[in-house]
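In full-length UniProt numbering, the protein residues as written are 1 to 363.
Glycine included, C-beta positions come from ideal geometry on N, C-alpha and C.
Everything below concerns the one structure shown next.
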């Protein structure tokens, strides 16, 4: 069993480090997931509504803490730092995650837990199964914790904590170091709106109390339809919710034509207005160089008109779903550059480029 405990120690340590680093790369993504959980709990548990809604503004702090804790605990486990404290901390955090994934799976809420950020997408039940597996390994670690040698490796834990926080701060002040989202630089948005190959389906019917399956839709009218299952899930479109519109109608296809610099305004409540003068200068400069500036927002018409007027932003605005804008840009405001639907650039407001850089990217 001692060998099993050592194997468990390595597996858990590596998985926690990997999971934590992937999420530290994009702490805002984990923030959005936590906000989603808090809002779901506020709705499902009305007696605690105010409590959970009060946690929403703190979601980013929880995100950074949890992601850093995953990395630090994984490293502490591998190097043998304070085995008792590390083992019980791991148990506490995995119980928390197991509860979240079970709630997601059983009640069909928050259908992507974000366990591995945007790197690996897991279904709710798969996420729950993964946490049960980790819970079993961590229980072994807790039981055999006294067998692990307590080593004087505090400096390693301190360095890993500082490094983890450094990654999170960088991602928050700029953009994720590794962009794994479908709107990343180099991606083709029109291509991702289409399946990569023709979708194939399995049609499930009931025939006399027995379940029968067909890969082509049957002509037998006595069969009772039950469900249709996609056989090649990986071929599904990577993007299904990208739509751009204004009061005159749909503008989605127009966003894929020519050179366009989009100013992303996710909302007007927590936008960094101090960055707008430089962005406004950029918009005015690229406009004369054949790049069309466009504002994408989820705000209502009256509010956005007042906002643009107050900050002298001279560009047409269009509506996009708030969730899509959160996926396109982790920054508010943010900049997103497209040429014929291909992403050529993406910037945090702290990294607003010069017009020459934008022009060079869309040549």
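| query | result |
| --- | --- |
| Nearest neighbour of residue 348, chosen from 28, 8 and 16 [CA to CA] | 28 |
| Run of the alpha helix (DSSP H) containing residue 128, from where it starts to where it stops | 124-143 |
| Euclidean distance between Cα positions of residue 239 and residue 193 | 5 angstroms |
| Unbroken beta strand (DSSP E) run spanning residue 106, endpoints | No beta strand (DSSP E) holds residue 106; the alpha helix (DSSP H) holding it covers 83-107. |
| Coil, strand or helix - residue 162 by DSSP | helix |
| Bounding residues of the beta strand (DSSP E) (the contiguous stretch that carries residue 206) | 201-207 |
| Simplified DSSP assignment, three categories, for residue 362 | coil |
| Helix, strand or coil at residue 339 according to DSSP, with G and I counted as helix | strand |
| Where residue 293 sits in the DSSP three-state scheme | strand |
| Endpoints, beta strand (DSSP E) assigned at residue 227 | 224-230 |
| Exposed unless 16 or more other CB atoms sit within 10 angstroms - verdict on residue 314 | exposed |
| Cβ-Cβ distance between residue 74 and residue 20 below 8 angstroms | yes |
| Heavy atom of the ligand MN within 7 angstroms of residue 95 beta-carbon | With respect to small molecules bound, the structure shown includes none, and the ligand MN cannot be examined in it. |
| Helix, strand or coil at residue 186 according to DSSP, with G and I counted as helix | coil |
| Which residues DSSP lists as bridging residue 262, in chain order | 294 and 336 |
| Segment limits, beta strand (DSSP E) that includes residue 28 | No beta strand (DSSP E) holds residue 28; the alpha helix (DSSP H) holding it covers 27-44. |
| Whole-angstrom distance between residue 265 and residue 322, CA atom to CA atom | 9 angstroms |
| Limits of the alpha helix (DSSP H) - the one that residue 61 falls within | 59-79 |
| Expected contact under 8 angstroms - CB spacing of residue 324 and residue 339 to nearest Å | Going by Cβ atoms, the distance from residue 324 to residue 339 rounds to 20 angstroms, so no, they are not a contact pair. |
| Candidates 284, 244, 198 and 332: closest to residue 230 by CA position | 198 |
| Residues near residue 89 by beta carbon distance below 6 angstroms, same chain, minus five either side | 73 |
| Test item: CB-CB of residue 71 and residue 183 under 8 angstroms | no |
| The region 135-144 contacting the region 56-70, beta-carbon criterion three pairs below 8 angstroms | no |
| Member of 283, 100, 144 and 252 whose CA lies at the smallest distance from the CA of residue 127 | 100 |
| Exposure of residue 245, with buried meaning 16 or more beta-carbon neighbours within 10 Å | exposed |
| For residue 242: DSSP bridge partner residues | Residue 242 is not bridged to any residue. |
| Touching by the beta-carbon criterion (3+ pairs, under 8 angstroms), the region 277-284 and the region 304-313 | yes |
| Among 96, 69 and 336, nearest to residue 85 - alpha-carbon criterion | 69 |
| Selected residue, minimal CA-CA separation from residue 175, among 335, 360 and 12 | 335 |
| Same chain only: Cβ atoms within 8 angstroms of residue 15, ignoring 5 sequence neighbours per side | 74 and 134 |
| Cα-Cα separation between residue 12 and residue 189, rounded to whole angstroms | 37 angstroms |
| C-alpha distance - residue 91 paired with residue 41, whole-angstrom precision | 23 angstroms |
| Distance between beta carbons of residue 105 and residue 124, contact taken as under 8 angstroms | 4 angstroms |
| Closest Cα partner of residue 203 within the set 218, 195 and 317 | 218 |
| Test item: CB-CB of residue 261 and residue 358 under 8 angstroms | yes |
| C-alpha gap between residue 44 and residue 267, whole angstroms | 26 angstroms |
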